[in-house]
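K.L.:
One structure follows; several queries about it will come next.
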Amino acid sequence: MIRTTLSILAVLVATVRLQAAPEYNLVAIVTDDQAAWTLGCYGGKEIPTPNLDKLAASGTRFANAFVHTPVCSPSRGTYMTGLQSTQLGFTDWLNEGQMKNGGLTKEMTTWPAVLRTQGVATGLIGKWHLGLSEQSLPWNQGLAEYTGFLGGGWAPNKVNFVDEKGGKHALPGFSVEVCTDLAIKFTTAHKDKPFALLVHYREPHAAYVPMPATDMESSRQANLQVPDFPGLKQPHTTNNRRDYYASIAALDRNIGRLLDHLKSSGLDGKTIVTFTSDHGYNVGEHGIQHKGNGRWITEDRFQQPAPNMYDSTIRVPLIIHHPATTKPGHVAREWVTNADTAATMLGLLGITRPATLPAASRDISPAARGEALDASQFPEELFGQYDLVNFELKNNMRMIRTARWKLLLHLNDPARNELYDLTADPGERTNLRGKPGNESTSADLTKLLRARMERI
Numbered sequence: 001m002i003r004t005t006l007s008i009l010a011v012l013v014a015t016v017r018l019q020a021a022p023e024y025n026l027v028a029i030v031t032d033d034q035a036a037w038t039l040g041c042y043g044g045k046e047i048p049t050p051n052l053d054k055l056a057a058s059g060t061r062f063a064n065a066f067v068h069t070p071v072c073s074p075s076r077g078t079y080m081t082g083l084q085s086t087q088l089g090f091t092d093w094l095n096e097g098q099m100k101n102g103g104l105t106k107e108m109t110t111w112p113a114v115l116r117t118q119g120v121a122t123g124l125i126g127k128w129h130l131g132l133s134e135q136s137l138p139w140n141q142g143l144a145e146y147t148g149f150l151g152g153g154w155a156p157n158k159v160n161f162v163d164e165k166g167g168k169h170a171l172p173g174f175s176v177e178v179c180t181d182l183a184i185k186f187t188t189a190h191k192d193k194p195f196a197l198l199v200h201y202r203e204p205h206a207a208y209v210p211m212p213a214t215d216m217e218s219s220r221q222a223n224l225q226v227p228d229f230p231g232l233k234q235p236h237t238t239n240n241r242r243d244y245y246a247s248i249a250a251l252d253r254n255i256g257r258l259l260d261h262l263k264s265s266g267l268d269g270k271t272i273v274t275f276t277s278d279h280g281y282n283v284g285e286h287g288i289q290h291k292g293n294g295r296w297i298t299e300d301r302f303q304q305p306a307p308n309m310y311d312s313t314i315r316v317p318l319i320i321h322h323p324a325t326t327k328p329g330h331v332a333r334e335w336v337t338n339a340d341t342a343a344t345m346l347g348l349l350g351i352t353r354p355a356t357l358p359a360a361s362r363d364i365s366p367a368a369r370g371e372a373l374d375a376s377q378f379p380e381e382l383f384g385q386y387d388l389v390n391f392e393l394k395n396n397m398r399m400i401r402t403a404r405w406k407l408l409l410h411l412n413d414p415a416r417n418e419l420y421d422l423t424a425d426p427g428e429r430t431n432l433r434g435k436p437g438n439e440s441t442s443a444d445l446t447k448l449l450r451a452r453m454e455r456i
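If you're matching positions, the sequence shown starts at 1 in the numbering used here and goes up one per residue.
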């Protein structure tokens, strides 16, 4: 294990020159299965999210943030490295067997590993789900400290974590509060030197409940607005949506606890806070539940597979609070993705990117400081891919999205191909693929999509 860590760091040291210590600390929060539509600052009206809304009001909110693959493991891998899922070598969530041999490798550069070469104290609390082989473990991927769950999910009120020293921690209470307590402990322990802490909550992943009583009460008072998709199974949809919001309420409250701690300890003036999710989500949107590997929750197709790359599934919240911003409450409208995370985290801390970082990872940190981004580097064009391997329906999807159009090819089942005019049909209700009058549009988008596929 030590040899693996040293080999990874040796490669990075060869490509990264030691710089002055970063001026700021970093707290990078990632939630699990949280759609942008759940937040007040993104137009959500069903349940209050005052703490995240306040974070957006004091920082920069990215109005057009997307993921390339709408399921956890590959999306998290992209977040850590800037690589696409087919470049990572895993295109679906890693099941227990795949975790043993798949995941991040020593040849991949993670941004925490770069920070560690610069003397930054790095740590991660919560979900990993990026492999169990020695080279894939978080402490061999640049995270000097780790307390969390190495697999994909755990019960909201049964916390059994491990740490980088092989210790096991059966911790009482709700996971959302345990992770927050551990985050507060980490930032307190490292308050006198530069640190970068990743907080990967399990919420609002299913099972959504139980949650603490105050959050269950908040969800009971939520102003539910169930999507108007025809035939949704009831009360299944309403009950799940209410439970999902209990988890959202718990997240917002605990993120508020963490932000309050940074302020009371005097760390807020020198700590950058980022917030995002690993992908979007649906609870009735488009008649489905869950993410890219969703299931129908309509009466006629209940629980049948519904692989998808709808905007509700690929769009994520992204907020960056920088203490030195010149434009609090700024809304950046450039199209950005989770592949930009690696370059951005280094940019936020003033660290030169190594040559091993993918060129496709773009630094969006100027926007967090209130500066303009170079529009030529951020075209309104998004490539997406998702190969399902874990469920009964095997489905390989490739997507290209522009400001007006979205084309989705189901490579092993062309009859399922999709084309949407997002200007006329922002809800993606009417599939135009194969309908008269759209032949040239489909051909142009297909050519564009194939070019993006060849590029990687």
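All C-beta atoms in this analysis are idealised placements derived from N, C-alpha and C, irrespective of residue type, glycine included.
1. Alpha carbons only, please: which of 423, 397, 455, 340 is nearest the one belonging to residue 414?
2. Using the beta-carbon count (16 or more within 10 Å), is residue 336 buried or exposed?
3. Between 193, 134, 130, 241, which has its C-alpha nearest residue 35's C-alpha?
4. Under 8 Å from any heavy atom of the ligand MN, does the C-beta of residue 143 make it?
5. Should residue 84 go down as buried or exposed, given a rule of 16 or more other Cβ atoms within 10 Å for buried?
6. Give me the residue from 200, 193, 123, 227 with the minimum Cα distance to residue 165.
7. Identify whether residue 163 lies in helix, strand or coil by the three-state DSSP scheme.
8. Is it buried or exposed for residue 169, if we count other Cβ within 10 angstroms and need 16 for buried?
9. Under a Cβ-count criterion, where at least 16 other Cβ atoms within 10 Å of its own Cβ denotes burial, should residue 46 be classed as buried or exposed?
10. Residue 186 by DSSP, collapsed to three states: which one?
11. In angstroms, rounded to a whole number, what distance separates the CA positions of residue 298 and residue 113?
12. Cα-Cα, which of 60, 270, 191, 395 is closest to residue 412?
13. Do you know offhand how far residue 238's Cα is from residue 271's?
14. Starting from the C-beta of residue 360, find all residues in its chain whose C-beta is less than 7 Å away, skip the five residues before and the five after it, and write them out in chain order.
15. Just verifying my parser: in three-state terms, what is the DSSP assignment at residue 88?
16. My assumption, with CB atoms under 8 Å, is that residue 276 sits in contact with residue 316. Please give the rounded CB distance.
17. In the segment 259-316, which residue ranges form an unbroken beta strand (DSSP E) of at least 3 residues, counting only runs that do not cross its ends?
18. Nearest-angstrom Cα distance between residue 147 and residue 311?
19. In terms of residue numbering, what span does the alpha helix (DSSP H) encompassing residue 79 cover?
20. Let me make sure I understand the geometry here. Which of 129, 399, 367 has the alpha-carbon closest to that of residue 313?
21. When burial is assigned at 16 or more other CB atoms within 10 Å of the CB, is residue 31 buried or exposed?
22. Just to confirm before moving on: does the CB-CB distance between residue 126 and residue 149 stay below 9 Å?
23. In the DSSP output, which residue or residues are listed as bridge partners for residue 335?
24. Unbroken beta strand (DSSP E) runs of length 3 or more, entirely within the segment 368-398: which are they?
25. Does the Cβ of residue 258 have 16 or more other Cβ atoms within 10 Å, making it buried, or fewer, making it exposed?
26. Would you mind stating whether residue 28 and residue 319 have Cβ atoms separated by less than 9 Å?
27. Which of helix, strand or coil does DSSP assign to residue 42?
28. Start and end of the alpha helix (DSSP H) containing residue 454?
29. What are the boundary residues of the beta strand (DSSP E) that includes residue 408?
30. According to DSSP, simplified to helix, strand and coil, what is residue 177?
31. With a 10 Å radius around its C-beta and 16 neighbouring C-beta atoms as the bar for buried, classify residue 76 as buried or exposed.
32. Out of 70, 53, 51, 42, which has the shortest C-alpha to C-alpha gap to residue 387?
33. Helix, strand or coil, according to DSSP, for residue 123 in the structure here?
34. Taking the DSSP output, what are the residues bridged to residue 200?
35. From what residue to what residue does the beta strand (DSSP E) around residue 147 run?
36. Does the segment 199-210 touch the segment 125-144, meaning 3 or more C-beta pairs lie closer than 8 Å?
P.N.:
Short version:
1. 397
2. buried
3. 241
4. Only the bare structure without any ligand can be found here, which leaves the ligand MN out of the picture.
5. Label assigned to residue 84: buried.
6. 123
7. strand
8. exposed
9. Here residue 46 is buried, its C-beta having at least 16 other C-beta atoms within 10 Å.
10. Per DSSP, reduced to three states, the secondary structure at residue 186 is helical.
11. 45 Å
12. 395
13. 39 Å
14. 82, 339
15. helix
16. 6 Å
17. 271-277, 288-290, 293-296, 305-307
18. 33 Å
19. 72-81
20. 399
21. With 16 or more other Cβ atoms within 10 Å, it is buried.
22. yes
23. 64
24. 381-388
25. buried
26. no
27. helix
28. 439-455
29. It spans 405-410 - the beta strand (DSSP E) in which residue 408 sits, taken as one unbroken run.
30. In the structure shown, residue 177 sits in a helix (DSSP, three-state: H, G or I).
31. buried
32. 70
33. strand
34. DSSP lists 30, 126 as partners of residue 200.
35. Unbroken beta strand (DSSP E) run through residue 147: 145-149.
36. yes
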